[in-house]
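Working notes for the structure below.
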Amino acid sequence: MKKKPLFLGLWTFAFFACYSPDPFVADYSDHSASSSVETAVGKLYPVDANENDDEQTCNPSISQDTVNFPASMLWLNFNKLIVKGHDEGYSVTNVDQHDRLTVSDTANNVKWYLMIDKDKGECQFQDPEWSTHADYIVALRGKRFKSDQSCSDALDYGIFAVRTSDKKKFWFYEKGIIEDATPHVWVDPSAKASEGGDDSTVEGFFGTKNVRLTYIEGDKDPQRKIVFVDYANGGKAVRLQKPSDREDWNIDSPLISPDGKFVVYNMKKGESSWEAYIQELSGNSKAVKVDRTKDMMSDPAQPHWFAFNGRLFVLWTDFPIGTSKMQNRVNLMVASAQDGSSGRTLMREIRLTAGAPSDMAVEWVGENRVVATVPMMGGRSPDGKFLSTGTDKAYLLKLP
Numbered sequence: 038m039k040k041k042p043l044f045l046g047l048w049t050f051a052f053f054a055c056y057s058p059d060p061f062v063a064d065y066s067d068h069s070a071s072s073s074v075e076t077a078v079g080k081l082y083p084v085d086a087n088e089n090d091d092e093q094t095c096n097p098s099i100s101q102d103t104v105n106f107p108a109s110m111l112w113l114n115f116n117k118l119i120v121k122g123h124d125e126g127y128s129v130t131n132v133d134q135h136d137r138l139t140v141s142d143t144a145n146n147v148k149w150y151l152m153i154d155k156d157k158g159e160c161q162f163q164d165p166e167w168s169t170h171a172d173y174i175v176a177l178r179g180k181r182f183k184s185d186q187s188c189s190d191a192l193d194y195g196i197f198a199v200r201t202s203d204k205k206k207f208w209f210y211e212k213g214i215i216e217d218a219t220p221h222v223w224v225d226p227s228a229k230a231s232e233g234g235d236d237s238t239v240e241g242f243f244g245t246k247n248v249r250l251t252y253i254e255g256d257k258d259p260q261r262k263i264v265f266v267d268y269a270n271g272g273k274a275v276r277l278q279k280p281s282d283r284e285d286w287n288i289d290s291p292l293i294s295p296d297g298k299f300v301v302y303n304m305k306k307g308e309s310s311w312e313a314y315i316q317e318l319s320g321n322s323k324a325v326k327v328d329r330t331k332d333m334m335s336d337p338a339q340p341h342w343f344a345f346n347g348r349l350f351v352l353w354t355d356f357p358i359g360t361s362k363m364q365n366r367v368n369l370m371v372a373s374a375q376d377g378s379s380g381r382t383l384m385r386e387i388r389l390t391a392g393a394p395s396d397m398a399v400e401w402v403g404e405n406r407v408v409a410t411v412p413m414m415g416g417r418s419p420d421g422k423f424l425s426t427g428t429d430k431a432y433l434l435k436l437p
């Protein structure tokens, strides 16, 4: 997002860097979480919600840690919080928008959180995403340019990773990043940080130099590009080429593949036109479009990778014709919303070959499969049992 006052951004930007046209007001009453519902699509668990409330939950990201945070979701809050099982450091009064990262489970218990540090001039988090490595989360931090500024003024953003085990941070960039950079981090899956390591270095913090970062840069939307940084090879930033004939489209949420060699992402023109692409993390690579097949209602929205038992899939949402935004905007607990009329979650197997010609680098296997007849945009858990979604309403879905 452009450098402009926060509240202006709240009204004008309504995509996955999650803003609301009508900011919510804090609710300090004693709410209890809604109960789960058994449905034809599986068991639905509302996240940060009560059936009589209409709060919005941002940036859903399914937990990649099935040991410490099973059946859980990472998300950003608005001004209202309806959660359970939190400690004293997680106040549900005087809540500021995006003032914490939260991981909660199917019972709406807060399992992990990270608060902004107001004493250091921090104002908000943006775009949290679970790393490909279960121990790490990456996000943006918005900070005041000057100490006498307000958090409603323009903010300076940086990219950091946080280790869930001890909440220590590593700063890829402390400032100079745009607000809709939507970063993602890949870490060698075998890496384990050693106790007493130098947390100011990539190798000390992650336990390896084999770390890769993607994010979006550019002052104006059509000029923005995906930046790829490979810390095992000197940390030089490489800009990916945009898809042909899409120079005036915007880029959203590049996610790195489990092998660390590709990204999948959306491009959009306006709010109601979007497409999905896969691209190798190389300066001379060409983007490969995820085609809309005849069985799909729309082009793919918010694609994610899903690896299972040595197989790789791309997971995405499609929406009915006429849908104006890539968002879940309905109450999925209602049976009438569970028949695909509000959107669906699809998946297709894929083979990737880095370094191959573009017509061979991406090969689809089999046909699309419908995972759920509801739109779940936050990915699938590594064990395959859960999907998550948010923006506007948030849920965890246990598949049958």
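Following my numbering, the residues of the sequence shown are numbered contiguously, the last one being 437.
The C-beta atom is built at its ideal place from N, Cα and C for all residues, glycine as well.
Under 9 Å, Cβ to Cβ, is there at least one residue of chain B near residue i?
i, result
"T410", "No chain B is present in this structure, which holds just one protein chain."
Classify residue i as helix, strand or coil using the three-state DSSP reduction.
i, result
"S141", "strand"
"D225", "coil"
"M397", "helix"
"V98", "Rather than Val, the amino acid found at residue 98 in this sequence is Ser. Three-state DSSP puts S98 in a strand."
"S373", "helix"
"K7", "Outside the displayed span of the chain (38 to 437) sits residue 7, for which this structure offers no information."
"K430", "coil"
"K326", "strand"
"Y65", "With a pLDDT of only 28 at Y65, under 50, the local geometry of the prediction cannot be trusted, and the value read off the model is given with reservation. Looking at Y65 - three-state DSSP - the assignment turns out to be coil, as it is neither helix nor strand."
"K422", "coil"
"K331", "coil"
"K121", "strand"
"K435", "strand"
"K362", "coil"
Assuming residue i and residue j are in contact, meaning their beta carbons sit under 8 Å apart, how far apart are those beta carbons, in whole angstroms?
i, j, result
"I293", "T251", "6 Å"
"Y432", "L81", "5 Å"
"M413", "S395", "About 30 Å; that fails the 8 Å criterion."
"A198", "S168", "7 Å"
"T428", "Q375", "With 8 Å as the limit, T428 and Q375 do not qualify as a contact, their Cβ atoms being about 18 Å apart."
"F162", "R178", "6 Å"
"L277", "K262", "6 Å"
"V74", "M304", "With a Cβ gap of about 35 Å, V74 and M304 do not count as contacting."
"G320", "V275", "5 Å"
"N146", "G122", "3 Å"
"N405", "D332", "6 Å"
"Y210", "G195", "5 Å"
"F265", "L318", "5 Å"
"N96", "D164", "6 Å"
"L151", "K204", "6 Å"
Could you pull out every residue in the same chain whose Cβ sits closer than 6 Å to the Cβ of residue i, ignoring the five residues on either side in sequence?
i, result
"L352", "H341, F343, M384, R417"
"G380", "T354, F356, P412"
"V140", "F106, S109, L111, K148, W149"
"S322", "Q316"
"I153", "D136, E159"
"D239", "Reading the sequence as shown, one finds Val at residue 239 and not Asp. Around V239: K246, V248, Y268."
"A324", "P280, Y314, Q316"
"D142", "A108, S109, K148"
"S227", "none"
"E166", "S98, V175, H221"
Among the residues of its own chain, which have a CB less than 8 Å from the CB of residue i, if the five just before and after it don't count?
i, result
"I358", "M334, S335"
"K422", "A108, K435, L436"
Between residue i and the rest of its own chain, which residues show a CB-CB distance below 7 Å, the 5 nearest in sequence each way excluded?
i, result
"S231", "G244"
"S361", "E308, S309"
"A77", "Q375"
For the stretch 237 to 316, list the alpha helix (DSSP H) runs that are entirely contained and at least 4 residues long, ordered along the chain. Counting only runs of 4 or more, we get 239 to 243.
Between the stretch 364 to 371 and the stretch 340 to 351, do three or more beta carbon pairs fall short of 8 Å? no
How about the stretch 308 to 326 and the stretch 400 to 411: do they share at least three Cβ pairs that are nearer than 8 Å? Segments in contact, no.
Enumerate, from N- to C-terminal direction, the unbroken beta strand (DSSP E) stretches of 3 or more residues contained entirely within the stretch 157 to 236. 159 to 167, 173 to 181, 192 to 200, 206 to 214, 221 to 224
Are the stretch 108 to 118 and the stretch 127 to 140 in contact at 8 Å, needing three or more beta carbon pairs? As far as the Cβ criterion goes, the stretch 108 to 118 touches the stretch 127 to 140, which means the pair count is three or higher.
Evaluate the contact criterion for the stretch 374 to 384 versus the stretch 404 to 422: three or more CB pairs, one atom per stretch, below 8 Å. yes
Using 8 Å as the Cβ pair cut-off and three pairs as the minimum, do the stretch 213 to 220 and the stretch 239 to 256 touch? yes
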